[in-house]
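Colleague: Below is one structure. I have some questions about it.
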Amino acid sequence: ASNVRAWTLVQQAATHRQAAESALVRADNPALAREFAAADSLLATAESLDPAWPEPLIRRAAVAYRRSRILDHDQLAAARWIDRGMGHIARALRLAPQDPDALAMRGNLRYWRWLLSLVPDQAEARALLTSAREDLESAVKIAPSQAGAWATLSHLYYQTGNITDVKLAAQRAYEADAYLDNADVVLSRLFYVSYDLGQFTDAIHYCDVGKRRFPADSKFVECQLYLLTTRAREPDVQLAWRLADSTTRLAPADERNYQRLSTRISVAATIARAGLKDSARHVLSRSLGNSEIDATRDLMFAAAFVYILLGDTTAALEALKAYVVANPERRSALGNEPTWWFRPLENNSKFRELVGADR
Numbered sequence: 001a002s003n004v005r006a007w008t009l010v011q012q013a014a015t016h017r018q019a020a021e022s023a024l025v026r027a028d029n030p031a032l033a034r035e036f037a038a039a040d041s042l043l044a045t046a047e048s049l050d051p052a053w054p055e056p057l058i059r060r061a062a063v064a065y066r067r068s069r070i071l072d073h074d075q076l077a078a079a080r081w082i083d084r085g086m087g088h089i090a091r092a093l094r095l096a097p098q099d100p101d102a103l104a105m106r107g108n109l110r111y112w113r114w115l116l117s118l119v120p121d122q123a124e125a126r127a128l129l130t131s132a133r134e135d136l137e138s139a140v141k142i143a144p145s146q147a148g149a150w151a152t153l154s155h156l157y158y159q160t161g162n163i164t165d166v167k168l169a170a171q172r173a174y175e176a177d178a179y180l181d182n183a184d185v186v187l188s189r190l191f192y193v194s195y196d197l198g199q200f201t202d203a204i205h206y207c208d209v210g211k212r213r214f215p216a217d218s219k220f221v222e223c224q225l226y227l228l229t230t231r232a233r234e235p236d237v238q239l240a241w242r243l244a245d246s247t248t249r250l251a252p253a254d255e256r257n258y259q260r261l262s263t264r265i266s267v268a269a270t271i272a273r274a275g276l277k278d279s280a281r282h283v284l285s286r287s288l289g290n291s292e293i294d295a296t297r298d299l300m301f302a303a304a305f306v307y308i309l310l311g312d313t314t315a316a317l318e319a320l321k322a323y324v325v326a327n328p329e330r331r332s333a334l335g336n337e338p339t340w341w342f343r344p345l346e347n348n349s350k351f352r353e354l355v356g357a358d359r
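Residue numbers (the numbering used here): 1 to 359.
Next comes the structure, spelled out in structure tokens:
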């Protein structure tokens, strides 16, 4: 900054941003709006005092992005904040085209717009996702310690890359900043991607680190339950029930109905591993949910694994079919890179037809 007053205002704005986050935690919406508005106002003044300095613009975009994330339940309102953020970041990039923070923020805004399905045209949506990826990859190429960009890439690669890319990006995010704002999310992602890859030693490590750092977080109770479905753990049915109950109890209130069903499918998998097939079927049959509670049919995806453990290939394929119908964009990923859950089906002609596998 060439203007000391502008620099001071940027620091003051950061204090208001922290106050806004505190208001969010206590669900004080008027204070939330007031503190965000104060932060943006200070940053706007800083921008006018030092118009060649991109930092106030990047931070204004960050405020708009954060407000859009909080409004994820209201697409139209979120879209307005995304548009506002894109306006700020466009001005920042005109001043500093290679600024890694600005590139990362534009990548975040573009990816969030894509995730919210705000671009209905499929070709435009694909182009938007590609541009988000290019921004984020440019940011980490310029500044390899850009933890936030690595964290977003670790999610984005689920859409565009392969599962190994997801893990590598998440590792880079955590190595760059083990205390970044969403460290819990990154650790959870590292657990699940290690689990999906069948790398159970790594999965145990990330679950243990998460449990130690975030003991009251349901994600790191649920990861212990997931491990009971693998050969890395003995199938302790009583422990599975306790972990399922704890996960549901710790989950956010609006997620508990879904979590109750999801965790019970993991219990059913543990019971099946223990050889108690009738009991596993009974628990599973009461945990499948419906499209109202589970629009993306992720429960059916997990149920397919339990059916495989039970030796019921027909039921497994029916469950996977329900999942693919709800998530056609995931079809090729299932065919190209199936989780270890579905390795027993890889040479099944009906499975290959379902996922469009070229083998």
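C-beta atoms are modelled at their ideal positions from N, C-alpha and C, and glycine is treated no differently.
Please read these numbers as outputs of a predicted model, since none were measured by experiment.
Count the C-beta pairs between the region 134-153 and the region 163-171 that are closer than 8 Å, then say yes if the count reaches three, no if not.
Modeller: As far as the Cβ criterion goes, the region 134-153 touches the region 163-171, which means the pair count is three or higher.
Colleague: Give me the residue from Ser-188, Ala-127, Pro-30 and Arg-59 with the minimum Cα distance to Gln-12.
Modeller: Closest option to Gln-12, Cα to Cα, is Arg-59.
Colleague: Tell me whether Pro-215 sits in a helix, a strand or coil according to DSSP, three-state version.
Modeller: Of the three classes helix, strand and coil, the one that applies to Pro-215 here is coil, per DSSP.
Colleague: Within 10 angstroms of its Cβ, does Asp-254 collect 16 or more other Cβ (buried), or is it exposed?
Modeller: Label assigned to Asp-254: exposed.
Colleague: From Pro-54, Leu-128 and Ala-78, pick the residue whose C-alpha is nearest to that of Leu-95; which is it?
Modeller: Answer by Cα proximity: Pro-54.
Colleague: Are the CB atoms of Leu-310 and Ala-280 within a distance shorter than 8 Å?
Modeller: Contact flag set, yes.
Colleague: By Cβ distance, which residues of its chain are closer than 7 Å to Arg-260, with the 5 residues on each side in sequence left out?
Modeller: Only Thr-248 meet the Cβ criterion.
Colleague: Classify Glu-35: buried if its beta carbon has 16 or more other beta carbons within 10 angstroms, exposed otherwise.
Modeller: So Glu-35 ends up on the buried side.
Colleague: For a test of the three-state rule: what should DSSP assign to Ser-287, helix, strand or coil?
Modeller: It is coil, neither helix nor strand.
Colleague: Between Ala-319, Ala-183, Leu-227 and Leu-32, which has its C-alpha nearest Ala-23's C-alpha?
Modeller: Closest option to Ala-23, Cα to Cα, is Leu-32.
Colleague: From this set, Ala-44, Asp-236, Glu-222 and Arg-231, which residue's C-alpha is nearest Asp-245's C-alpha?
Modeller: Considering only alpha carbons, the answer is Glu-222.
Colleague: Check for me: the alpha helix (DSSP H) holding Leu-49 runs from which residue to which?
Modeller: Leu-49 -> alpha helix (DSSP H) spans 29-49.
Colleague: Touching or not, the region 227-237 and the region 255-275, by the rule of three or more beta carbon pairs under 8 Å?
Modeller: They touch, by the three-pair rule.
Colleague: Using a 10 Å radius around the Cβ and a threshold of 16 neighbouring Cβ atoms, would you call Ser-285 buried or exposed?
Modeller: Exposed.
Colleague: Determine contact between the region 121-138 and the region 70-89, defined as no fewer than three beta-carbon pairs at a distance below 8 Å.
Modeller: The region 121-138 is not in contact with the region 70-89.
Colleague: To the nearest angstrom, report how far apart Val-119 and Arg-113 are at their CA atoms.
Modeller: Going by the C-alpha atoms only, they are around 8 Å apart.
Colleague: Measure the C-alpha to C-alpha separation of Pro-144 and Asn-162 and round it to an integer number of angstroms.
Modeller: Those two C-alpha atoms are separated by around 20 Å.
Colleague: Which whole runs of the alpha helix (DSSP H) in the region 221-256 are 4 residues long or more, in chain order?
Modeller: Within the region 221-256, the complete alpha helix (DSSP H) runs of at least 4 residues are 237-250.
Colleague: Quick one: is Lys-141 buried, meaning 16 or more other Cβ sit within 10 Å of its Cβ, or exposed?
Modeller: By the neighbour-count rule (16 or more Cβ atoms within 10 Å), Lys-141 is not buried but exposed.
Colleague: Looking at the unbroken alpha helix (DSSP H) that takes in Asn-108, where does it start and where does it end?
Modeller: Where Asn-108 is concerned, the enclosing alpha helix (DSSP H) stretches over 100-115.
Colleague: So what's Ser-131 in DSSP terms, helix, strand or just coil?
Modeller: If DSSP states are grouped into helix, strand and coil, Ser-131 belongs with the helices.
Colleague: Of all the options Val-4, Ala-6, Arg-5 and Asp-40, which has the alpha carbon lying nearest to the alpha carbon of Ala-19?
Modeller: It is Asp-40.
Colleague: Let's see if you can read the secondary structure: which residues bound the alpha helix (DSSP H) around Ile-293?
Modeller: Note, Ile-293: premise wrong, no alpha helix (DSSP H); not H, not E.
Colleague: When the Cα atoms are used, what is the spatial distance from Asn-347 to Leu-288?
Modeller: So the alpha carbons of these two residues sit roughly 26 Å apart.
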